[in-house]
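Here's the structure we're looking at; comments come further down.
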Amino acid sequence: YEAMSYSWGSKDLTEEIIIDGKRHPITHSAHSLLKARRSVWKPRTIWVDAICINQKDDEERSHQVTMMKDIYEGASRVIIWLGGGWKIRLAARLAFATHLASGLTGFLPMGPSRHSSSNPTASSSWNALVDLIINNPYFSRVWVIQEVAVGRKVYMYCGGFYIPWEGFMRAFNHWMHPYRIGQFAGQAQPLGTRFGNIGVMSDIRKTKSFGNLAQLLCVCQKFVATEQCDKIFALLGLASDGADPQTAPRYGKKTDE
């Protein structure tokens with residue numbers, strides 16, 4: 214099975230799917246990723262938290278949260294869904310091309326190149342990549358840290374391209390070089406936050422060194438969650454002391470409890 218990693222967006226149940234012959238309401242983001250991942254060639258088994266977990270049952274949610282690490286570790290691959298739209302496709306095209314180029318040449322030039330204002334296509338793609346990093350809520354969601362960290366194979370799927378996480382990081386490190394982002398000085402704060410978040414995700418996946426809960430909370434403090442308790446629950450599977458009964462997930466209680 215594939216485990217989906219994505220940003221929920223609005224919790225409004227605006228779409229419907231059929232499960233076991235019955236209509237089941239789901240969010241727009243879940244519906245979009247299901248349409249993107251469907252195949253006309255073969256059945257595809259995917260795991261989507263908003264559908265596979267009864268979000269109205271706090272007891273079930275509390276139990277399932279303790280299984281999240283195992284679910285993403287056990288998946289044949291983790292698929293990151295960043296959404297649709299032309300900006301996503303442009304950013305994906307640039308990231309994919311950079312990934313292929315780095316594989317063929319072994320390196321990428323870091324100095325000024327043809328990817329400038331003189332090349333409108335490349336410039337538009339680069340601007341779309343910057344926009345994706347600044348504005349896509351995926352890179353601020355605390356749950357994605359674990360989802361990316363423990364996945365055996367992690368791919369971004371956007372714009373019709375599969376981009377390995379490592380390939381995305383090569384594109385990120387190349388195109389987000391300081392000299393290239395100087396023109397975005399007015400957006401230094403959001404860029405800095407997202408750069409830090411992506412760096413944290415990459416480092417944790419690369420080193421497999423997670424530390425205890427207090428250390429993780431410090432490192433991951435810029436990530437956010439709709440429910441404040443999730444800023445803790447999302448890290449328990451990674452924390453060396455995450456099995457402590459005192460921090461066991463219990464939805465339905467106040468955060469300070």
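As numbered in our numbering, residues 214 to 470 make up the sequence shown, in order. Just so you know, even glycine gets a beta-carbon here, dropped at the ideal spot from N, CA and C.
Name the two residues that bound the continuous beta strand (DSSP E) containing residue i.
{"i": "A216", "result": "E215 to Y219"}
{"i": "Y285", "result": "Taken as a continuous stretch (DSSP letters only), Y285 belongs to no beta strand (DSSP E), being part of the alpha helix (DSSP H) at M281 to G287."}
{"i": "R463", "result": "Careful: R463 lies outside any beta strand (DSSP E) and carries neither H nor E."}
Which one or two residues does DSSP pair with residue i in a beta bridge?
{"i": "H237", "result": "I230"}
{"i": "Y375", "result": "Y370"}
{"i": "V291", "result": "A216 and V367"}
{"i": "I259", "result": "E215"}
{"i": "V437", "result": "R354"}
Over what stretch of residues does the alpha helix (DSSP H) that includes residue i continue unbroken?
{"i": "R383", "result": "W378 to W388"}
{"i": "C265", "result": "D262 to C265"}
{"i": "V357", "result": "W356 to V363"}
{"i": "V432", "result": "L426 to V432"}
{"i": "K444", "result": "D443 to L449"}
{"i": "S275", "result": "D271 to V278"}
What residue from the options has the CA that sits closest to residue i's CA?
{"i": "G222", "options": "F423, C371, R250 and S353", "result": "S353"}
{"i": "E554", "options": "S220, G450 and T240", "result": "Absent from the structure is residue 554, since the part of the chain shown begins at 214 and ends at 470."}
{"i": "N410", "options": "V357, P462 and Y370", "result": "V357"}
{"i": "L345", "options": "H387, A362, F374 and G298", "result": "G298"}
{"i": "S245", "options": "Q268, Y219, G234 and D270", "result": "Y219"}
{"i": "K467", "options": "S242, D271, I231 and A249", "result": "D271"}
{"i": "D225", "options": "P238, I293 and G234", "result": "P238"}
{"i": "S242", "options": "R236, K235 and R250", "result": "R250"}
{"i": "R418", "options": "E379, T258 and F385", "result": "E379"}
{"i": "G405", "options": "W388, K435, M382 and D416", "result": "K435"}
{"i": "Y351", "options": "V363, Y375 and I292", "result": "I292"}
{"i": "A362", "options": "F408, E440, K421 and F385", "result": "K421"}
{"i": "I284", "options": "D233, D416 and R365", "result": "R365"}
{"i": "R407", "options": "N386, P462 and G373", "result": "N386"}
{"i": "V367", "options": "V355, E286, G234 and I232", "result": "E286"}
{"i": "A384", "options": "N267, E360, S252 and S415", "result": "S415"}
{"i": "K248", "options": "D233, C371 and N267", "result": "C371"}
{"i": "E360", "options": "M280, D233 and P458", "result": "M280"}
{"i": "P458", "options": "K235, T439, H276 and D233", "result": "H276"}
{"i": "E440", "options": "F374, A456 and V355", "result": "V355"}
Under 7 Å, do residue i and residue j count as touching if we go by C-beta distance?
{"i": "N425", "j": "D454", "result": "yes"}
{"i": "A263", "j": "A216", "result": "no"}
{"i": "V437", "j": "V413", "result": "no"}
{"i": "P403", "j": "I347", "result": "yes"}
{"i": "L295", "j": "N349", "result": "yes"}
{"i": "Y214", "j": "W254", "result": "no"}
{"i": "R274", "j": "Y464", "result": "yes"}
{"i": "F446", "j": "V278", "result": "yes"}
{"i": "K269", "j": "G450", "result": "no"}
{"i": "G376", "j": "M382", "result": "Checking the sequence shown, residue 376 turns out to be Ile, not Gly. The answer is no: Cβ separation not under 7 Å."}
{"i": "W388", "j": "L342", "result": "yes"}
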